[in-house]
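Undergrad: This is the structure I want to talk about, given as structure tokens.
Protein chains in written order, with my numbering: chain A, 1 to 250; chain B, 1001 to 1250.
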């Protein structure tokens, strides 16, 4: 919310949000964003151009290359993409955007960049005020209260782990069930989340690839046809059915 | 090195190190430290008691429980274990230790605790002066220049990512080759390391489970019978044979 506005009623404020929080951009054997395009066509129906935030740089690709990849996918639903790095004033680009998409990659890098450009808060405020937002992978992790359930490697040191707080819990993207056949002794995803809850009480939603959260009209609904796995402090993890309403989770 | 000592010649200083840096504490279907015990019996041959640093708390277990687990394994080679949390003065416990073992768990937590108790530097100095040290998993990652190649989840925010710098490169523990059969779209270990090298020039050694580095008499030798995978900035990764000498790597 811009600082020169009168604070909104938190309930109304929440009801303005229009967000898709997807576990992954790409399904196995599918094209980039392919499985989501029908959904995105509706989500961004009032947008001619969507602002793309390429800071997470998957595999270290450049902002330009990553933005070109996003543009190619969005062209299929007749929407133009413009990268935030093309603007002189990143905060103004966010405030003026018709829609916003933050792509996946490395979450530490993405968060470090959002703080470096001083746009973490303006992004939270703009999306909270109703600008349609899409996050995939790292771009979804930042929708939570903190980035502490990322799977990524700490390749760069961010000034802190707090993120957008668009939903009242955290996201573990690309959630992966333990492989019972594996002889690898590295921690499973479930063990890592258990370690998190020794020190933190924030609930964490393990979103499997193909799932997304639809945050709309004051509700948070699980979409995509799959179950999701919910981890809460001092509780046995539970499986949530597709179309579950997570609005009251906190 | 204690601050009241005259600085040593860096070469001699290096030659005093006596360290085992193991990828994992436990092999599939093996007991805790079991595969390493013959090696440890020799490594700690002059120690009646080894100081255990349990801060990484795997699966969130307590310092007491973790120390009891370590004690059970070391009893098999007739060495007593004492947890650092049992001492009033952690720095003094390190300086006075006959040998030191830092166990695995969560690297973010381990590093945060070493800084909180203000013992990162005294640990580096003590081990550099020749006190025999064993690290497994997170306890090995901290032997590198930074913890930036951990696989762990950022469950807590450390004041920075710098670690002991006992070797002039970084460790990726539990190194895992890409699974060519997997349909999972999360980044492979190799992709994560590639992202690291877009922003950093520190070499990273991917240590497979069952491998360790022996740092002794001024040399760093790969042991355990397996190859290790070396990642350097702007270079194709290479496989290093067992018994390779990594002393000149930097």
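Just so you know, even glycine gets a beta-carbon here, dropped at the ideal spot from N, CA and C. Just so it is clear, the structure is predicted and the values come from calculations on it, not from any experiment.
Residue 152/A CB to nearest chain E CB: under 9 angstroms?
TA: No chain E appears in this structure, whose protein chains are A and B.
Undergrad: Could you check where the alpha helix (DSSP H) with residue 68/A kicks off and where it finishes?
TA: Here the question's residue 68/A lines up with position 68 in the first chain. Residue 68/A -> alpha helix (DSSP H) spans 63 to 75.
Undergrad: Indicate the three-state DSSP secondary structure (helix, strand or coil) for residue 194/A in the structure shown.
TA: As a position in the first chain, residue 194/A is number 194, starting the count at 1. Correct three-state label for residue 194/A: helix.
Undergrad: Starting from the Cα of residue 219/A, find the closest Cα among 168/A, 29/A, 142/A and give me that residue.
TA: Translated into positions along the first chain, residue 219/A becomes position 219. Closest option to residue 219/A, Cα to Cα, is 168/A.
Undergrad: By the three-class DSSP mapping on this structure, what secondary structure does residue 1051/B have?
TA: Numbered from its first residue, the second chain carries residue 1051/B at position 51. Correct three-state label for residue 1051/B: strand.
Undergrad: Given a cut-off of 9 angstroms, decide if residue 136/A and residue 102/A are closer than it, judged by their beta-carbon atoms.
TA: Along the first chain, read from residue 1 onward, the residue named residue 102/A stands at position 102. Along the first chain, read from residue 1 onward, the residue named residue 136/A stands at position 136. Closer than 9 angstroms, so yes.
Undergrad: Find the residues of chain B that neighbour residue 157/A, judging by a C-beta separation of less than 7 angstroms, and give them in chain order.
TA: Position 157 of the first chain, counted from the start, is the residue given in the question as residue 157/A. Going along chain B in sequence order, the residues near residue 157/A (Cβ under 7 angstroms) are 1160, 1161.
Undergrad: Give me, in chain order, the residues of the same chain whose beta-carbon lies closer than 7 angstroms to that of residue 1238/B; leave out the 5 immediate sequence neighbours on both sides.
TA: Here the question's residue 1238/B lines up with position 238 in the second chain. Excluding the 5 residues flanking it on each side, residue 1238/B has same chain C-beta neighbours closer than 7 angstroms at 1230, in chain order.
Undergrad: What separation, rounded to the nearest whole angstrom, lies between the Cα atoms of residue 166/A and residue 121/A?
TA: Translated into the one-based positions of the first chain, residue 166/A becomes position 166. Translated into the one-based positions of the first chain, residue 121/A becomes position 121. One C-alpha to the other measures close to 11 angstroms.
Undergrad: Buried or exposed for residue 65/A, please, with buried defined as at least 16 other CB atoms from any protein chain shown within 10 angstroms of its CB.
TA: Counted from its first residue, the first chain places residue 65/A at position 65. So residue 65/A counts as exposed.
Undergrad: Using a C-beta to C-beta distance shorter than 7 angstroms, which residues of chain B count as neighbours of residue 183/A?
TA: As a working note, residue 183/A is residue 183 in the first chain. Neighbours of residue 183/A on chain B, chain order: 1028.
Undergrad: According to a CB-to-CB cut-off of less than 8 angstroms, which residues of the stretch 1057 to 1068 of chain B neighbour chain A?
TA: Answer set for the stretch 1057 to 1068 of chain B: 1057, 1058, 1059, 1060.
Undergrad: Enumerated in chain order, which unbroken segments of the alpha helix (DSSP H) with a length of 4 residues or greater are wholly contained in the stretch 1166 to 1223 of chain B?
TA: Listed in chain order, they are 1189 to 1199.
Undergrad: Compute the beta-carbon to beta-carbon distance between residue 1200/B and residue 155/A, rounded to the nearest angstrom, for a pair I have assumed lies under 8 angstroms.
TA: Indexing the second chain from 1 puts residue 1200/B at position 200. Indexing the first chain from 1 puts residue 155/A at position 155. With a beta-carbon spacing of about 7 angstroms, residue 1200/B and residue 155/A fall inside the 8 angstroms limit used to define contacts.
Undergrad: Say whether the stretch 181 to 197 of chain A touches the stretch 31 to 42 of chain A, bearing in mind that this needs 3 or more beta-carbon pairs closer than 8 angstroms, one atom from each stretch.
TA: no
Undergrad: Expressed to the nearest angstrom, what Euclidean distance is found between the alpha-carbon atoms of residue 1159/B and residue 1139/B?
TA: Here residue 1159/B corresponds to residue number 159 of the second chain, with the count starting at 1. Here residue 1139/B corresponds to residue number 139 of the second chain, with the count starting at 1. Their backbone Cα atoms lie some 18 angstroms apart in a straight line.
Undergrad: At a CB-CB cut-off below 9 angstroms, which residues of chain B make contact with residue 194/A?
TA: For this step, residue 194/A is matched to residue 194 along the first chain. 1059, 1060, listed in chain order.
Undergrad: Just the Cα atoms here: how many angstroms apart are residue 1233/B and residue 1222/B?
TA: Residue numbering aside, residue 1233/B sits at position 233 when the second chain is read from its first letter. Residue numbering aside, residue 1222/B sits at position 222 when the second chain is read from its first letter. Roughly 21 angstroms between the two C-alpha positions.
Undergrad: Within a Cβ cutoff of 6 angstroms, which residues of the same chain sit near residue 1105/B, ignoring the five residues on either side of it in sequence?
TA: Residue mapping note: residue 1105/B aligns to position 105 of the second chain, counting from 1. Excluding residues within five positions, the ones whose Cβ falls inside 6 angstroms are 1056, 1057, 1058, 1138.
Undergrad: Taking its Cβ as the centre, do 16 or more other Cβ atoms sit within 10 Å of residue 17/A, making it buried, or is it exposed?
TA: Residue 17/A sits at position 17 when you count from the first residue of the first chain. So residue 17/A ends up on the buried side.
Undergrad: With a cut-off of 9 angstroms, does the C-beta of residue 1085/B fall near any C-beta of chain A?
TA: In the second chain, residue 1085/B corresponds to position 85, counting from 1. So, not an interface residue.
Undergrad: Is the shortest distance between the beta-carbon of residue 1148/B and the beta-carbons of chain A less than 9 angstroms?
TA: Residue 1148/B sits at position 148 when you count from the first residue of the second chain. Output row for residue 1148/B: interface = yes.
Undergrad: For residue 247/A, decide whether its Cβ has a neighbour in chain B, counting only Cβ atoms nearer than 9 angstroms.
TA: Taking the first chain and counting its residues from 1, one reaches residue 247/A at position 247. It does not: the Cβ of residue 247/A has no partner Cβ on chain B nearer than 9 angstroms.
Undergrad: Starting from the beta carbon of residue 1024/B, find every residue of chain A whose beta carbon is closer than 7 angstroms, and list them in chain order.
TA: Position 24 of the second chain, counted from the start, is the residue given in the question as residue 1024/B. Correct list: 185.
Undergrad: Confirm, please, whether the CB-CB distance from residue 1080/B to residue 1251/B is below 9 angstroms.
TA: Here chain B covers residues 1001 to 1250 and nothing more, so residue 1251/B does not appear.
Undergrad: Within a Cβ cutoff of 8 angstroms, which residues of the same chain sit near residue 47/A, ignoring the five residues on either side of it in sequence?
TA: Taking the first residue of the first chain as 1, we reach residue 47/A at position 47. These residues qualify, in order along the chain: 79, 98, 99, 132.
Undergrad: Distance, Cα to Cα, residue 170/A vs residue 164/A?
TA: Here residue 170/A refers to the residue found at position 170 when the first chain is read from its first residue. Here residue 164/A refers to the residue found at position 164 when the first chain is read from its first residue. Near 10 angstroms, if we compare the C-alpha coordinates of residue 164/A and residue 170/A.
Undergrad: Could you pull the DSSP bridge partners for residue 1239/B from this structure?
TA: Residue numbering aside, residue 1239/B sits at position 239 when the second chain is read from its first letter. Answer is 1229/B, bridged to residue 1239/B.
Undergrad: Go through its chain and collect everything with a Cβ distance to residue 1071/B's Cβ below 8 angstroms, but skip five positions before and after it.
TA: Counting from 1 along the second chain, the entry for residue 1071/B is found at position 71. Cβ-Cβ distances below 8 angstroms link residue 1071/B to 1052, 1080, 1081 in the same chain, with the five nearest sequence neighbours on each side left out; the list follows chain order.
Undergrad: Kindly indicate which three-state DSSP category residue 80/A falls into: helix, strand or coil?
TA: Here residue 80/A corresponds to residue number 80 of the first chain, with the count starting at 1. Note: residue 80/A maps to strand in three-state DSSP.
Undergrad: Would a check of beta-carbon distances place residue 101/A closer than 9 angstroms to chain B?
TA: What you label residue 101/A is simply residue 101 of the first chain in a count that begins at 1. Output row for residue 101/A: interface = no.
Undergrad: Put residue 18/A into one of helix, strand or coil per three-state DSSP.
TA: Position 18 of the first chain holds residue 18/A. Reduced to three states, the DSSP call for residue 18/A is strand.
Undergrad: Taking DSSP as the reference, what is the three-state secondary structure of residue 284/A?
TA: For chain A, the structure presents residues 1 to 250; residue 284/A sits outside this window and is missing.
Undergrad: According to DSSP, is residue 1148/B helix, strand or coil?
TA: The residue labelled residue 1148/B in the question sits at position 148 within the second chain. When secondary structure is reduced to three states using DSSP, residue 1148/B falls in the coil class, being assigned neither helix nor strand.
Undergrad: By how many angstroms is the C-alpha of residue 1210/B removed from the C-alpha of residue 1003/B?
TA: Within the second chain, residue 1003/B is the residue found at index 3, counting from 1. Within the second chain, residue 1210/B is the residue found at index 210, counting from 1. Unreliable positioning characterises residue 1003/B in this predicted model, as indicated by a pLDDT of 44, which lies under 50. The coordinate reading is nonetheless provided below. Approximately 37 angstroms, taken between the alpha carbons.
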